[in-house]
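The structure appears right after this line, and notes come after that.
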Amino acid sequence: MKKKRILSGMQPSGRMHLGNLIGALQNWIKLQEEDECFFFVADWHAMSTNYENTKDIRENITQLLIDWFACGLDPEKSTIFIQSRVEEHALLYLLLSMITPVSWLERNPTYKEQITQIKNKDLSTYGFLGYPVLQSADILSYKANAVPVGIDQLPHLELTREIARRFNFLYNAKLVEPEPLLTNIPKLPGTDGRKMSKSYNNAIYLSDPQDVFENKVKNLITDPARVRRTDKGNPDVCTVFVFHKIYSSADEVNQIDKDCRGAGIGCTDCKKRLVERMKISMKPIWEKREALLSDPKKVMDIAEAGSAKAKKIAAETLNEVKEAIGI
Ligand code: TRP
Ligand code: SF4
Numbered sequence: 020m021k022k023k024r025i026l027s028g029m030q031p032s033g034r035m036h037l038g039n040l041i042g043a044l045q046n047w048i049k050l051q052e053e054d055e056c057f058f059f060v061a062d063w064h065a066m067s068t069n070y071e072n073t074k075d076i077r078e079n080i081t082q083l084l085i086d087w088f089a090c091g092l093d094p095e096k097s098t099i100f101i102q103s104r105v106e107e108h109a110l111l112y113l114l115l116s117m118i119t120p121v122s123w124l125e126r127n128p129t130y131k132e133q134i135t136q137i138k139n140k141d142l143s144t145y146g147f148l149g150y151p152v153l154q155s156a157d158i159l160s161y162k163a164n165a166v167p168v169g170i171d172q173l174p175h176l177e178l179t180r181e182i183a184r185r186f187n188f189l190y191n192a193k194l195v196e197p198e199p200l201l202t203n204i205p206k207l208p209g210t211d212g213r214k215m216s217k218s219y220n221n222a223i224y225l226s227d228p229q230d231v232f233e234n235k236v237k238n239l240i241t242d243p244a245r246v247r248r249t250d251k252g253n254p255d256v257c258t259v260f261v262f263h264k265i266y267s268s269a270d271e272v273n274q275i276d277k278d279c280r281g282a283g284i285g286c287t288d289c290k291k292r293l294v295e296r297m298k299i300s301m302k303p304i305w306e307k308r309e310a311l312l313s314d315p316k317k318v319m320d321i322a323e324a325g326s327a328k329a330k331k332i333a334a335e336t337l338n339e340v341k342e343a344i345g346i
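Residue numbers (my numbering): 20 to 346.
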């Protein structure tokens, strides 16, 4: 049977945090064992929301790649590339934009939400409105069958399918409608209990030095109703417990659940145990990060080689598309 083709991208907007790792990257790393995978750094997309400040983009690309490789994304198994190195995406984007009704873009819920919520950036550009058309070009260039994304990206996937259908109908083309691949991993909370996010200032980064990392874990918010050591706790409302469920064994999690409810364990000890578990899981990542940091050129070379591979496929699709249109 032919392998499924998977594609996904991430914006190079700062360092990766544990939320990105648990919520997205770990899933990619699993997928690369089974399927034919393409993963890319979406640098043009980062520019669409931040065109006034591009000075960090290049450094952020390298840092993101380092984090990917350190966590186990493997260029031997997946094609890893940089969006702006495959200019075919931009050509397909142009062609798709010709047939995409503006009303489809204006009614996109993710767009509407960001326009009303994000006040500190200028989002009134043509590029930002057309963001999902570029995303469609990213996906359709590879005839990807499935795209692992978070819930916020579902409208973009739906638009991609609609654009592909319309294009195929108009030109009798054979673009592939991709399925979204949602993970059922719950959102990782940040140190304050809200969703972990760079903009909330509550994130634990892969690049945090070990002492900063430990301090952040020790400062995770616990059951707020548990004031004294002798108070019984409720793990269901505790951020530390969410992390235990990810980093500790099932037996350990059950034990902590019992001990917390019976005031058999204190929060300080509970956190100490978590720190130990998390350190075991982070150690290989930290070590690999260190090694990669000393050779950023090698990291970029890998991504350039991946981009050359990706370009071949994107160029094939583009030729088919031009042929179908008749230009
Ligand atoms: N919009 C995605 C995000 O912000 C990134 C992205 C760009 C993407 N192109 C893509 C994801 C194509 C999946 C497929 O997370
Ligand atoms: Fe949370 Fe652990 Fe304290 Fe219970 S004992 S409230 S699970 S930190």
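Yeah, the Cβ is synthetic: ideal placement off N, Cα and C, and Gly gets one too.
Small disclaimer: the values here were computed from a predicted structure and weren't measured.
Quick one: what does DSSP say Arg-24 is sitting in, helix, strand or coil?
What you label residue 24 is simply residue 5 of the sequence shown in a count that begins at 1. If DSSP states are grouped into helix, strand and coil, Arg-24 belongs with the strands.
Under the rule that 16 or more other beta-carbon atoms within 10 Å means buried, what is Tyr-161, buried or exposed?
In the sequence shown, counting from the first residue as 1, residue 161 sits at position 142. So Tyr-161 counts as buried.
For Pro-94, is the classification buried or exposed, using 16 other Cβ atoms within 10 angstroms of its Cβ as the cut-off for buried?
Looking up residue 94 in the sequence shown gives position 75. By the neighbour-count rule (16 or more Cβ atoms within 10 Å), Pro-94 is buried.
Could you work out which residue in Ser-216, Val-259 and Lys-290 is closest to Gly-42 when comparing CA atoms only?
Counting from 1 along the sequence shown, the entry for residue 42 is found at position 23. If we check each option's Cα against that of Gly-42, Ser-216 comes out closest.
Do Leu-83 and Cys-56 have their CB atoms nearer than 9 Å?
Taking the sequence shown and counting its residues from 1, one reaches residue 83 at position 64. Taking the sequence shown and counting its residues from 1, one reaches residue 56 at position 37. Not in contact: Leu-83 and Cys-56 (Cβ atoms no closer than 9 Å).
State the DSSP-derived secondary structure class of Thr-68, mapped to helix, strand or coil.
In the sequence shown, residue 68 corresponds to position 49, counting from 1. In the structure shown, Thr-68 sits in coil (DSSP, three-state: anything other than H, G, I, E or B).
At which residues does the alpha helix (DSSP H) containing Glu-107 begin and terminate?
Counted from its first residue, the sequence shown places residue 107 at position 88. Segment 107–118, the alpha helix (DSSP H) holding Glu-107.
By how many angstroms is the C-alpha of Ala-269 removed from the C-alpha of Leu-142?
Position 123 of the sequence shown holds residue 142. Position 250 of the sequence shown holds residue 269. In a straight line, the C-alpha of Leu-142 is about 45 Å away from that of Ala-269.
Give the DSSP-derived three-state secondary structure of Cys-257 in the structure shown.
Stepping through the sequence shown from its first residue, residue 257 is reached at position 238. In this structure, Cys-257 counts as coil in the three-state DSSP scheme.
How about Asn-220 and Arg-24: are their beta carbons less than 9 Å apart?
Within the sequence shown, residue 220 is the residue found at index 201, counting from 1. Within the sequence shown, residue 24 is the residue found at index 5, counting from 1. No, they are not a contact pair.
Would you say Asn-46 and Pro-208 are within 9 Å of each other, going by their C-beta atoms?
Counted from its first residue, the sequence shown places residue 46 at position 27. Counted from its first residue, the sequence shown places residue 208 at position 189. For Asn-46 and Pro-208, no; Cβs fall outside 9 Å.
Just to check, is the beta-carbon of Cys-279 closer than 8 Å to a non-hydrogen atom of the ligand SF4?
Here residue 279 refers to the residue found at position 260 of the sequence shown. Because some heavy atom of the ligand SF4 lies under 8 Å away, the Cβ of Cys-279 counts as near it: yes.
For the ligand SF4, is there a heavy atom less than 8 Å away from the beta-carbon of Thr-241?
As a first step, residue 241 must be located in the sequence shown, where it is residue number 222. Because some heavy atom of the ligand SF4 lies under 8 Å away, the Cβ of Thr-241 counts as near it: yes.
Considering only C-alpha positions, which residue in the set Tyr-224, Gln-136, Val-340 and Lys-74 is nearest to Trp-305?
Start at 1 with the first residue of the sequence shown, and residue 305 comes out as number 286. Ranking Tyr-224, Gln-136, Val-340 and Lys-74 by Cα distance to Trp-305 puts Tyr-224 first.
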